[in-house]
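Residue numbers (the working numbering): 79 to 251. Heads up, the thing below is written out as structure tokens.
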């Protein structure tokens, strides 16, 4: 049983009985915000199966709806399990690289985003995981982060909370 207040709920665990496969994930909320998977490989997950993303061009795309926007909802929270395979990679921002691993929007036009920073970045942000809500009308937006050792292959549970003027990021509770 899932709460009726959920906007999107997917286990990302390739449940064949729900019609899930390497290119489709089922939204278990009442909203049918099903996702299209591009490029990810099916692998062992935290519980059952999961997906392995290459950090370059693999992704899951969900419908673009106002329900995923802090600007229209006033507040929201997002929960995710992840297991980074590495803390050294190339991504956006060149030598200061990071990867967006969950968010709304694309490339430099994110409305909100979770990031993992490259362990070798020159800004002094090794092992940083962050959650940002960007100001779409100009300005810098708001964000929160945790900067603790990331052990490749270890599962991490993150919760990002935004209310329009503040953010919070919780790691492993």
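Ideal Cβ placement from N, Cα and C applies to all residues, glycine included.
DSSP state of residue i, grouped into three classes?
| i | result |
| --- | --- |
| residue 165 | coil |
| residue 122 | strand |
| residue 85 | coil |
| residue 103 | strand |
| residue 212 | coil |
| residue 150 | helix |
| residue 207 | strand |
| residue 180 | strand |
| residue 90 | coil |
So, at 8 Å on beta carbons, what are the nonlocal neighbours of residue i in its own chain, with the 5 sequence-adjacent residues on each side left out?
| i | result |
| --- | --- |
| residue 97 | 104 |
| residue 101 | 114, 115 and 116 |
| residue 233 | 124, 159, 160 and 161 |
What does residue i pair with, by DSSP beta-bridge criteria?
| i | result |
| --- | --- |
| residue 137 | 116 |
| residue 130 | 119 |
| residue 235 | 159 |
| residue 143 | None, per the DSSP bridge assignment. |
| residue 194 | 177 and 207 |
| residue 223 | 208 |
| residue 247 | 238 |
Run the CB neighbour count on residue i, radius 10 Å, all protein chains shown included, and call it buried at 16 or more, exposed below.
| i | result |
| --- | --- |
| residue 244 | exposed |
| residue 125 | exposed |
| residue 128 | buried |
| residue 182 | buried |
| residue 190 | buried |
| residue 210 | buried |
| residue 251 | exposed |
Flag residue i as yes when its Cβ comes closer than 7 Å to any non-hydrogen atom of the ligand NAD, and as no otherwise.
| i | result |
| --- | --- |
| residue 181 | With respect to small molecules bound, the structure shown includes none, and the ligand NAD cannot be examined in it. |
By Cβ distance below 7 Å, which residues in the same chain neighbour residue i in space, the five residues on each side in sequence not counted?
| i | result |
| --- | --- |
| residue 194 | 162, 176, 177, 179 and 207 |
| residue 154 | 148 and 240 |
| residue 107 | 80, 84, 85, 86 and 87 |
| residue 196 | 166, 167, 169, 175 and 176 |
Please return the same chain residues whose Cβ sits closer than 6 Å to the Cβ of residue i, not counting the five positions on each side in sequence.
| i | result |
| --- | --- |
| residue 111 | 86, 105, 140 and 141 |
| residue 145 | 85 |
| residue 131 | 118 |
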